[in-house]
Amino acid sequence: MRVLVRMPNWLGDVVMALPVFEALRVHFVGSVLAAAVPSRLRSLLSTLPAIDEVIPLDRKGGHRRRLFAEIETLRQGSIDMVLLLPNSFGAAWAAWRAGIPERWGLSSQWRRKLLTRAVTLSSRGSSVLHQAVRYQELLRGLGIDPVAPKPHLAGSVRMIEKARVRLTVEGCDQSRTLIGVAPGAAYGHAKRWMPGRYAAVALRLSREFDATVLLLGDSHDRDAGYAIESEIAAGNQLGTCRRVVNLIGQTSLSELIGLLACCRVLVSGDSGPMHLAAALGVPVTAIFGPTDDRLTAPLGSNKILFTPVWCRPCFFRDCPIDHRCMTKISEEQVFQAVASQLTSSIEARSRLLD
-5 MRVLVRMPNW
5 LGDVVMALPV
15 FEALRVHFVG
25 SVLAAAVPSR
35 LRSLLSTLPA
45 IDEVIPLDRK
55 GGHRRRLFAE
65 IETLRQGSID
75 MVLLLPNSFG
85 AAWAAWRAGI
95 PERWGLSSQW
105 RRKLLTRAVT
115 LSSRGSSVLH
125 QAVRYQELLR
135 GLGIDPVAPK
145 PHLAGSVRMI
155 EKARVRLTVE
165 GCDQSRTLIG
175 VAPGAAYGHA
185 KRWMPGRYAA
195 VALRLSREFD
205 ATVLLLGDSH
215 DRDAGYAIES
225 EIAAGNQLGT
235 CRRVVNLIGQ
245 TSLSELIGLL
255 ACCRVLVSGD
265 SGPMHLAAAL
275 GVPVTAIFGP
285 TDDRLTAPLG
295 SNKILFTPVW
305 CRPCFFRDCP
315 IDHRCMTKIS
325 EEQVFQAVAS
335 QLTSSIEARS
345 RLLD
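Going by my numbering, 39 is the number at position 45 of the sequence shown; the sequence numbering is gapless.
Set out below in structure tokens:
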């Protein structure tokens, strides 16, 4: 039997869905377990032992072109059953048009008739279910025992070795603490904390912890990276900042995983790298603004910062008023959160060496 999981389209959502494969591997013993995922995210899944095959989806072009390309890809996969993690009508319609016999997923967006098994989540409290827990509830509704919702990733030896080589090429002294900063965020600028504040926190962390600050993100985040670099240059006239390396838009996904695995802590907005770092076991200080941390906070022992203003969460791409959900989060708050994580990490490491 060939079982396919149609994965979400966004990096953070894919990371939160990883425990699904552990549950399916136990439930469908002896079956071939495949994952369909946008091609740009393929490398995240290709090394996971629970997955037998990764089917890349072409996401180029407009919505209609992408949809029909997905139908054709699914038709060629000889799939017996598909578990649809996206709640969209399009994902269910593509699986139906591809002729997959068993189509399982959540009953939402007018797609019940396209599914052979549809799960309706209890309305009580479902609006504030964390996304990872929502995947658990979907499995439970299908009679599949879920595993713990926290995703776990391990950067491969090759990924980490390549990351260390890259850091050496960039002139990083690897005896120093490495702090990751991911200032970008998909789906609009409202999710971004201010570059000047990231820069101020990066400078202070570098000085007080003898650290190298590594700016990370994809090509859409380059403007945020350049702004932070500019602010750091303006505030670093005495040369007290040890090292700031901007690799935003200059890494593949596998390289990003390796670099995050080398970091002692990550400072980030609500983003894909935030979830990657948490899954790798890297402590995260996450800055939330217009989105709801109850739904998408990184799981584990992390620091979640937000301001309880009346208009939050609004989920707007751009703030129509004064961006108070972000401006009220101070540099001092973020610095203290990261500093406590670094101190705990250093103390734990010292105990291991004793």
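For glycine and all other residues, C-beta sits at the position ideal for the given N, C-alpha and C. Note that the structure is predicted; figures quoted are calculated from it, not measured.
Checklist entry - Should the region 163 to 179 be regarded as contacting the region 47 to 64, the criterion being three or more beta carbon pairs within less than 8 Å? => result no
Next on the checklist: Using C-beta distances below 8 Å, list every residue in its chain close to Val(-1), excluding the 5 sequence neighbours before and after it, in chain order.
Outcome noted: In the sequence shown, the residue the question calls residue -1 occupies position 5. Excluding sequence neighbours, Val(-1) sits near Ala11, Val14, Phe15, Leu18, Leu27, Ala28, Ala29, Ala30, Val76, Leu77 and Leu79.
Item to check | Closest Cα partner of Ala44 within the set Phe22, Leu35, Phe62 and His57 | outcome: Taking the first residue of the sequence shown as 1, we reach residue 44 at position 50. Minimum Cα distance to Ala44 is reached at Phe22.
Item to check | Short Cβ contact (8 Å threshold) for Ile349 with Arg91 | outcome: Given a span of -5 to 348 for the chain in the structure shown, any question on residue 349 remains unanswerable.
Item to check | Given Gly252 as reference, the closest of Gly165, Leu289, Trp187 and Leu147 once Cα atoms are compared | outcome: Within the sequence shown, residue 252 is the residue found at index 258, counting from 1. The option with the nearest alpha carbon to Gly252 is Leu147.
Checklist entry - Do you know how far the Cα of Glu225 is from the Cα of Leu232? => result Residue numbering aside, residue 232 sits at position 238 when the sequence shown is read from its first letter. Residue numbering aside, residue 225 sits at position 231 when the sequence shown is read from its first letter. In this prediction, Leu232 scores a pLDDT of 45, lower than 50, which makes its location untrustworthy; the coordinate-derived value is nonetheless stated afterwards. Approximately 14 Å between the Cα atoms of the pair.
Item to check | Span of the alpha helix (DSSP H), counted from its first residue to its last, around Ala221 | outcome: Translated into positions along the sequence shown, residue 221 becomes position 227. From DSSP, the alpha helix (DSSP H) with Ala221 extends over Arg216 to Ala228.
Item to check | Beta-carbon contacts of Asn81 that lie in its chain and below 8 Å, excluding the five residues immediately before and after | outcome: Position 87 of the sequence shown, counted from the first residue, corresponds to residue 81. Closer than 8 Å at Cβ, skipping near neighbours: Gly99, Leu100, Ser102 and Gln103.
Checklist entry - Skipping 5 residues on each side, what residues in its chain have a beta carbon closer than 6 Å to that of Asp348? => result Along the sequence shown, one-based indexing puts residue 348 at 354. Note on Asp348: pLDDT 49, under 50, position unreliable in the model; no value is reported.
Item to check | Cβ pair Ala247, Pro267 closer than 8 Å | outcome: Residue numbering aside, residue 247 sits at position 253 when the sequence shown is read from its first letter. Residue numbering aside, residue 267 sits at position 273 when the sequence shown is read from its first letter. First, the amino acid is wrong: residue 247 is Leu here, not Ala. No, the pair does not count as a contact, with Cβ atoms beyond the cut-off.
Next on the checklist: Using DSSP's beta-bridge definition, name the partner residues of Ser262.
Outcome noted: Your numbering for residue 262 matches position 268 in the sequence shown. In DSSP, Ser262 forms a bridge with Ala176 and Ala280.
Next on the checklist: Going by beta-carbon coordinates alone, are Ala176 and Leu260 separated by less than 8 Å?
Outcome noted: Within the sequence shown, residue 176 is the residue found at index 182, counting from 1. Within the sequence shown, residue 260 is the residue found at index 266, counting from 1. A contact, by the Cβ cut-off of 8 Å.
Next on the checklist: Using the three-state DSSP reduction, which class does Pro80 fall into: helix, strand or coil?
Outcome noted: Taking the sequence shown and counting its residues from 1, the one referred to as residue 80 is at position 86. Three-state result, Pro80: coil.
Checklist entry - Considering only the beta carbon of each residue, do Ala331 and Lys297 sit closer than 8 Å? => result For this step, residue 331 is matched to residue 337 along the sequence shown. For this step, residue 297 is matched to residue 303 along the sequence shown. Result yes, Cβ atoms of Ala331 and Lys297 sit closer than 8 Å.
Checklist entry - Among the residues of its own chain, which have a CB less than 6 Å from the CB of Val238, if the five just before and after it don't count? => result Residue 238 sits at position 244 when you count from the first residue of the sequence shown. Taken in chain order, the residues that qualify are Val207 and Ile226.
Checklist entry - Using the beta-carbon count (16 or more within 10 Å), is Pro284 buried or exposed? => result Working through the sequence shown from its first residue, we reach residue 284 at position 290. Buried is the call here.
Checklist entry - At which residues does the alpha helix (DSSP H) containing Pro13 begin and terminate? => result In the sequence shown, the residue the question calls residue 13 occupies position 19. Unbroken alpha helix (DSSP H) run through Pro13: Pro13 to His21.
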